[in-house]
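Worksheet: one structure, shown below.
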Amino acid sequence: MQDNCFNTKSTFDFVTDETFSSSLLNHLLQTLSTLNRGVTRKNAFDSLITRLCKLQHVDDALHVIEYMARIDAGGCRPSATTFYPVLNILMRQKAIDHTRCVVDFMFTLSVNLDLTGHNYFLVAHRYTGDVAAAAGVLKKMEEDGIGADARTFDALVLGACKVKKVDGAMMLVKRMVDDGVPIRCWDIRCRFDY
């Protein structure tokens, strides 16, 4: 704990739809910028971004990220994890195009999409049943040298099952085994009752 600031998931619970305003956000940004450099400041910014996303204030969360990048927030530049709450909420809203704009914004900040970021896209494509788009994400991961994990295959297998491509799902399970990815019991269940 530094500057009497110990960040938890409840740190910004005072920010609600009723209390939120642009002046409050600007005041918070100025206050957070005075915290000790390093982990304390970075976690405070990340916690604020998470809270704003929970309130579905995505544009305000992106404003915080842009602020972090612009002032370099004391060496606390945005990282891939900074964007997780934004990607998560946009994917839950099935706002794929808006999410792609966020990824473009990430690239302008020299922040690359990591495994978890790619997995957000795969899960979104699983829910929409867009196997071709999911295959494109997997191809991009391979091009970037990002290995798949159990969640990656989980999204792919369940996506194949959703569009009733059992053969494709079984090929993915075989690839999981070949790649040494641990199979969880729910990975091999293929349901058609979506």
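Its first residue numbered 11, the sequence shown is counted upward by one per residue in my numbering.
Think of the CB as a built atom: it goes at the ideal place given N, C-alpha and C, for glycine as much as any other residue.
Keep in mind it's a predicted model, so treat the numbers as computed, not measured.
Check	Outcome
Three-state secondary structure assigned by DSSP to LYS104	coil
Cβ separation of THR162 and LEU123, assumed to be a contact under 8 Å, to the nearest whole Å	With a Cβ gap of about 13 Å, THR162 and LEU123 do not count as contacting.
Assigned exposure category for VAL167 - 16 Cβ within 10 Å defines buried	buried
Three-state class that DSSP yields for GLY178 in the structure shown	helix
THR60 and PRO95 closer than 9 Å at C-beta	yes
DSSP three-state assignment for THR60, whether helix, strand or coil	helix
Under the three-state DSSP convention, the category LEU34 falls into	helix
Residue burial classification, ALA179 (beta-carbon count within 10 angstroms, cutoff 16)	buried
Other residues of its chain near VAL191: CB distance less than 7 Å, five sequence neighbours each side excluded	ALA158, ASP159, ALA160, PHE163
DSSP three-state assignment for GLU28, whether helix, strand or coil	coil
N-terminal and C-terminal residue of the alpha helix (DSSP H) that HIS67 is part of	Element bounds for HIS67: n/a, residue is neither H nor E.
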